[in-house]
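Take a look at the structure below.
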Amino acid sequence: MWIVGTVALIAAAGERGADDPAALHDRAAAALRSPDGGARLHELLLDAPDRGFADDYVERLQAAGSPVVLPTGADRVEIRSGPVLVTLSVTEEAGRWYLSLLPPGGQDPG
404 MWIVGTVALI AAAGERGADD PAALHDRAAA ALRSPDGGAR LHELLLDAPD RGFADDYVER
464 LQAAGSPVVL PTGADRVEIR SGPVLVTLSV TEEAGRWYLS LLPPGGQDPG
């Protein structure tokens, strides 16, 4: 019986990361618009310290305006919400794609 409970818990929590960068952008945008956005964004953040951090991050972005996720290069996205602009890295680890709080490496696009 405990096996069924464990499987149900894992399924309810969702899978961490995304299958590809496009899915990552879509899932991040949906998370930032969602009332439970912190939980959903936490699944996409590679290096978030804890769920509380993700909750606060989403709450602040939502309070600033309407968050929009814009891919600005192969390894970066910008999140714009009112006067707030945040750049996050897009990174792959173990076949899954994540957002990282670390700044993108390499040259700025354009």
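Numbering (this note's numbering), first residue to last: 404 to 513. The C-beta atom is built at its ideal place from N, Cα and C for all residues, glycine as well.
Less than 8 Å between the CB atoms is what I'm expecting for residue i and residue j, so what's the real figure, rounded?
i    : j    : result
V487 : E481 : Not confirmed; about 10 Å, so no contact.
L427 : V493 : 6 Å
D478 : G508 : 7 Å
A434 : L504 : 15 Å between Cβ atoms; not a contact.
Specify the secondary structure class of residue i as computed by DSSP and reduced to three states.
i    : result
R443 : helix
A421 : strand
L373 : Within the shown structure, residues of the chain are numbered from 404 to 513, placing residue 373 beyond reach of any answer.
F453 : Correcting the residue identity first, residue 453 is Asp in this sequence and not Phe. The answer is coil: DSSP assigns D453 none of H, G, I, E or B.
Per DSSP, residue i is paired with what?
i    : result
V493 : L502
E481 : L473, T490
Whose C-alpha, out of the options, is nearest the C-alpha of residue i?
i    : options                : result
H445 : D458, T475, G468       : D458
W500 : V461, G485, E462, L448 : L448
A466 : D453, L473, G440       : G440
L491 : A431, D423, D422, E462 : A431
T475 : E418, D422, E462, P506 : P506
By the 10 Å Cβ neighbour count, where 16 or more other Cβ atoms means buried, how is residue i classified, buried or exposed?
i    : result
R443 : buried
S484 : buried
L425 : A quick correction: the sequence has Ala, not Leu, at residue 425. Under this definition A425 is an exposed residue.
L502 : buried
G408 : Legend: pLDDT at G408 = 43, less than 50; position of this residue unreliable, value from coordinates given subsequently. Under this definition G408 is an exposed residue.
L464 : buried
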